[in-house]
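For reference, the structure discussed in these notes is given below.
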Amino acid sequence: MTFWIRINMFFRSFFLQAGWNYVKYQNLGFALVMMPFLRRLYRHDPEMLPTVLKRYLEAFNTHPVMASFCFGAMAHLEENVARAKSVTEYKEQVAEWTGARRGLSITAASIGDRLFWGTLKPLTLLLAIFIWMLLGVNFLETDGRTPVSLVYGFTAGAVAFFVYNSIALFIRWQGIKIGYESDDSSCFGLTRFDWNRTIYNAKRIGIIFAIAIMLFGVYRFFEGIRVDIHFLARAVLVLFFVIISFVTRRLRIPNVYLYITAVVIFNIVCFF
Amino acid sequence: MTLSLILLCILAALLELDTTYAFQLLLSRPIIAGPLFGWLIGDMSAGVQVGIFAELLFTDVSPLGGIIPPSGVVGSVVPLLLYAQGIELCFGFFLGVLGAVLYSFFDALLRKTRFDWLIFLEKRIDRKPTDIKRTIAVTLLLSFLMSFIFISVLAWGSSQLMFILYPYISARTHFAFQLAYLAVPWIGLSTLIPAFRLKTR
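Taken in sequence, the protein lines are chains A and B. Counting from 1 along the first sequence, just add 19 to a position and that's the residue number in the working numbering. Counting from 1 along the second sequence, just add 38 to a position and that's the residue number in the working numbering.
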């Protein structure tokens with residue numbers, strides 16, 4: 020795999036999910052990403068390309084960032100298919116390619132979902148909130164919001180954007196190379212990183228951040244309020260929703276439905 | 039709808055592509071989209087608040103497998119478009135959340151029906167592999183158009199609805215919406231702590 024093909028695959032990987040559907044998932048995007056490599060591999064036998072592409076248009080679904088490991092590994096295995104000297108060897112290599120695609124996509128999806136959606140995205144959200152709190156943006160007040168400058172408004176979001184993407188783009192870029200250079204003994208390079216340790220450490224940072232922001236938020240929410248009926252009303256509101264959120268989380272009820280229910284119940288209570 | 043509102047809907051539809059179909063750089067997450075729309079409508083503090091509230095509220099649903107979380111872009115742009123027209127954030131946010139949930143159902147429907155016409159384009163790719171770029175461009179264009187139509191209709195419909203209902207909204211109803219809006223960050227923050235629960239190493 021040349022450097023320019025890797026760059027081409029890297030940029031095309033941003034469109035992996037362009038044709039997402041419930042039957043074959045990311046198959047179109049997968050074929051799009053692999054196209055530059057396949058065209059080069061079969062440049063002496065272009066009639067083979069439509070037949071080869073059929074395999075790439077089968078169902079494929081994984082995490083969009085971790086998919087880079089699959090691209091590298093599939094390219095590596097496709098070379099073995101192209102090098103097959105007999106029909107039997109060709110069938111064996113295709114079977115290995117199909118098995119690896121299925122297995123690797125599931126493993127990569129599992130790691131990606133835990134690392135990116137389950138850890139990094141909420142962690143960067145907390146980081147952004149923390150920065151806004153440090154900059155003095157009091158987003159908890161719904162009445163009489165203090166104006167926020169342009170720089171302060173965008174700083175926290177920009178930091179969250181760069182932190183998330185520096186990791187995601189690094190994995191997108193390196194995954195293609197590592198996947199291509201590795202074999203099934205190291206799960207096509209997936210075992211090169213200690214994902215569990217990374218997720219564990221990130222979650223440890225996350226829980227400290229979450230508790231710190233919660234406490235800081237409580238302090239800001241009650242700052243400057245005398246102990247009277249307003250203070251008690253706010254305290255009851257916070258305590259009620261903190262407890263109910265823990266309960267709904269255990270019952271796997273999304274926050275959105277809790278909010279909509281709160282609007283309906285408050286309206287009924289206020290009406291009577 | 040004025041030209042500026044249409045332009046905001048175009049920007050929202052472009053950002054919505056980033057959620058799933060292209061790039062996935064998370065430019066579409068509410069903490070980025072919220073301040074951006076807030077700045078465009080001329081109230082950055084409202085944008086930051088809506089952005090944080092929407093992201094905290096939607097953060098517990100991840101796009102795992104075929105799950106489609108409520109749209110953060112719709113949840114941010116609808117309240118801010120309504121706010122720009124003089125409707126309070128507590129009402130706009132509620133309509134935005136309903137719109138975001140509706141959008142996830144709409145997107146699921148699009149994904150279900152997309153395969154019916156993609157199968158024809160796939161046959162063309164079988165014959166001529168270079169057609170794949172055009173197929174991807176067509177799917178992206180259609181996704182953009184569908185998002186734009188949905189967001190525009192939702193923004194226009196909810197503003198018309200609010201203009202009709204606004205004079206009849208009592209102080210009690212206003213208080214109920216305010217109270218629920220005030221609870222949003224606490225709902226979100228309390229679900230983030232269990233999200234970082236250390237299960238295994």
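Heads up, the beta-carbon is just placed ideally off N, CA and C, and yes, glycines get one too. Note that the coordinates shown come from a computational prediction; the quantities given were computed from them, not determined experimentally.
Review point. Per DSSP, what kind of secondary structure is A:Y61 in: helix, strand or coil?
Key: Collapsing the DSSP output to three states places A:Y61 in coil.
**Study point:** Nearest-angstrom Cα separation, counted from B:R67 out to A:I279
**Key:** 21 Å
Point to revise | Members of the segment 112 to 123 of chain A that neighbour chain B once the beta carbon cut-off is set at 8 Å | key: none
Check your understanding: Should B:F153 be counted as a contact of the ligand COA given a C-beta to heavy atom distance under 7 Å?
Key -> Only the bare structure without any ligand can be found here, which leaves the ligand COA out of the picture.
Practice item. List the residues that DSSP assigns as beta-bridge partners of A:N40. Key: A:Y44
Check your understanding: Is the segment 211 to 227 of chain A touching the segment 122 to 136 of chain A, taking contact as three or more C-beta pairs under 8 Å?
Key -> yes
Review point. Chain A partners of B:V99, CB-CB under 9 Å?
Key: P273, N274, V275
**Study point:** For B:T229 and A:R268, believed in contact at Cβ under 8 Å, the rounded distance
**Key:** 5 Å
Review point. Where A:A175 and B:L227 are concerned, what is the direct C-alpha to C-alpha distance, given to the nearest angstrom?
Key: When rounded, the distance between both Cα atoms is 17 Å.
Exercise for review: Taking 8 Å as the threshold, find out whether the segment 94 to 109 of chain B comes into contact with the segment 136 to 147 of chain B through three or more Cβ pairs.
Suggested key: yes
Review point. Should A:L258 be labelled buried (16 or more other beta-carbon atoms within 10 Å of its own) or exposed?
Key: By the 10 Å Cβ count, A:L258 comes out exposed.
Review point. Which residue from B:L102, B:L133, B:I157, B:L118 puts its Cα closest to that of B:F215?
Key: B:L133
Check your understanding: Looking at B:S83 and A:V167, is the spacing between their C-beta atoms short of 8 Å?
Key -> yes
Point to revise | Span separating the alpha-carbon of B:T173 from that of A:S87 | key: 22 Å
Practice item. Give a yes or no on whether 8 Å exceeds the smallest Cβ distance from B:G226 to chain A. Key: Cβ-Cβ to chain A under 8 Å: yes for B:G226.
Exercise for review: Mind listing the chain A neighbours of B:D164? Cutoff is C-beta to C-beta under 8 Å, in chain order.
Suggested key: P69, L72, K73, L76
Check your understanding: Among B:S109, B:G89, B:H212, B:L102, which residue has its Cα nearest to the Cα of A:V288?
Key -> B:H212
Practice item. Could you have a look at A:F79 and say whether DSSP puts it in helix, strand or coil? Key: strand
Point to revise | Range covered by the alpha helix (DSSP H) that runs through B:M200 | key: 170 to 203
Point to revise | Close-in-space but distant-in-sequence residues of the same chain around A:W192 (CB under 7 Å, 5 per side omitted) | key: Taking C-beta separations shorter than 7 Å and ignoring five residues to either side along the sequence, the partners of A:W192 in its chain run F29, following chain order.
Review point. Using a Cβ-Cβ cut-off of 8 Å (strictly less than) and excluding sequence neighbours within five positions of B:R239, which residues of its own chain qualify?
Key: At B:R239 the pLDDT is 44, less than 50, meaning the model places this residue with poor confidence; the figure from the coordinates comes in the next sentence. Listed in chain order, the non-local C-beta contacts of B:R239 below 8 Å within the same chain number zero, local neighbours out to five positions each way being set aside.
Review point. With 16 as the cutoff for other CB atoms within 10 Å, does B:G195 come out buried or exposed?
Key: Classification for B:G195: exposed.
Review point. Going by beta carbon distance, what residues of the same chain come within less than 7 Å of A:M20, once the five residues before and after it are set aside?
Key: F56, A94, Y199
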